[in-house]
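K.L.:
Position 121 (the sequence shown) corresponds to 121 in the UniProt record's numbering; numbering is contiguous.
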Amino acid sequence: MTAAKRIVLDISEVEERLKSSLGRKVISSEVKIHAEGRAGKRNESLWMKIEREVIHDAVREVIDIDFPHLGVISAVDAGDEIELIYHFYIFFGLYGSEKAIYFTVPVPKKDPVIPTISDLIPGAVYTEREKQEMIGITVEGIPDRRRLFLPPDFPEDVYPWRKDECGIPDSMIKNLWKSERPTGRPNPPVKPKEKKKTGSTRDGKDGNNSGKENDSPLKADETEGSKPAGEKSGENNNSSERQQVNKNE
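1. Please return the same chain residues whose Cβ sits closer than 8 Å to the Cβ of D164, not counting the five positions on each side in sequence.
2. With a Cβ-Cβ cutoff of 9 Å, do Y86 and I135 count as a contact?
3. Using C-beta distances below 8 Å, list every residue in its chain close to E81, excluding the 5 sequence neighbours before and after it, in chain order.
4. Let me know the secondary structure DSSP gives L22 once reduced to three states.
5. Mapping the DSSP letters down to three states, classify A220 as helix, strand or coil.
6. Assuming G123 and L84 are in contact, meaning their beta carbons sit under 8 Å apart, how far apart are those beta carbons, in whole angstroms?
7. Report the three-state DSSP secondary structure of W177 (helix, strand or coil).
8. Count the C-beta pairs between the segment 43 to 60 and the segment 110 to 117 that are closer than 8 Å, then say yes if the count reaches three, no if not.
9. Once you ignore the five residues that flank V36 on each side, which residues in its own chain have a CB closer than 6 Å to its CB?
10. List the whole-angstrom C-beta distance separating K99 from V14, where the pair is believed to meet the contact cut-off of C-beta under 8 Å.
11. Which residue spans inside the segment 120 to 173 form an unbroken beta strand (DSSP E) run of at least 3?
12. Among T127, S97 and E61, which residue has its Cα nearest to the Cα of V72?
13. When the Cα of P143 is compared with those of E156, R129 and I137, which residue comes out closest?
14. Just how far apart, CA to CA, sit I173 and D10?
If you want it as structure tokens, here you go:
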């Protein structure tokens, strides 16, 4: 069984198809086209604001056009409403044909409820769970209502992304940057540094200067390279005898 051939539509054709399907539930619509990068790659996107009642129908229509890639559902506190933005990408993987569709859905704070789309795109459940705990949206029909990021003991009616009285209260904010170092703590034990032991050379000089003997690129035996090994040892013996005579005197 072969996969159905994907028919690539122009972004304006996608817009007209969605408008025809959703009718008066489309609040506004705008197509944006711009060039990207030095090569001037064409980038097409559709921004469509719709009523929350048709988000499920809108996603189903997009699937009929081309099964989309869902990037994320973003959210913002817009005063009396919460705006959800569904980020979809169609013709994904067809180089030069990818198009973005962004559904903006206003949800009133007095009734922050929206239907799930996880029955159409199962992976959407994760981003829906995030919106429930972070901004206070209730997703009807979501198969998993567990929190995703917040710990179990986090207050139920506090939503970190909200800018109103339902947001994080001042009593929960910890300005760690204002904290000073704690006082009254004992200093940690610090062992005193051990002094580095320095050896002495045969001539009685400090070991730190011993390296100067090797500053010459020639080794000791190379300076006497013309003498046989026997003569070297003989000279060393004579030197030892002279030192012994001096001591006796």
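Heads up, the beta-carbon is just placed ideally off N, CA and C, and yes, glycines get one too.
Source: prediction; values computed, not measured.
P.N.:
Reading off the structure:
1. D77 and K109
2. no
3. Excluding positions up to five away in sequence, the list reads P106, V107, P108 and K109.
4. In this structure, L22 counts as helix in the three-state DSSP scheme.
5. Note that A220 has pLDDT 49, beneath the 50 cutoff, so the model's placement of it is unreliable and the number below is only indicative. Reduced to three states, the DSSP call for A220 is helix.
6. That belief does not hold up - the Cβ atoms of G123 and L84 are roughly 16 Å apart, past 8 Å.
7. Here W177 sits in helix by DSSP.
8. Verdict: yes, contact present.
9. In the sequence as presented, Val is not what sits at residue 36; that position holds Glu. Result list for E36: N43, in chain order.
10. Right, their Cβ atoms sit about 7 Å apart.
11. 138 to 140
12. T127
13. The shortest C-alpha to C-alpha distance from P143 to any of E156, R129 and I137 is the one to R129.
14. 49 Å
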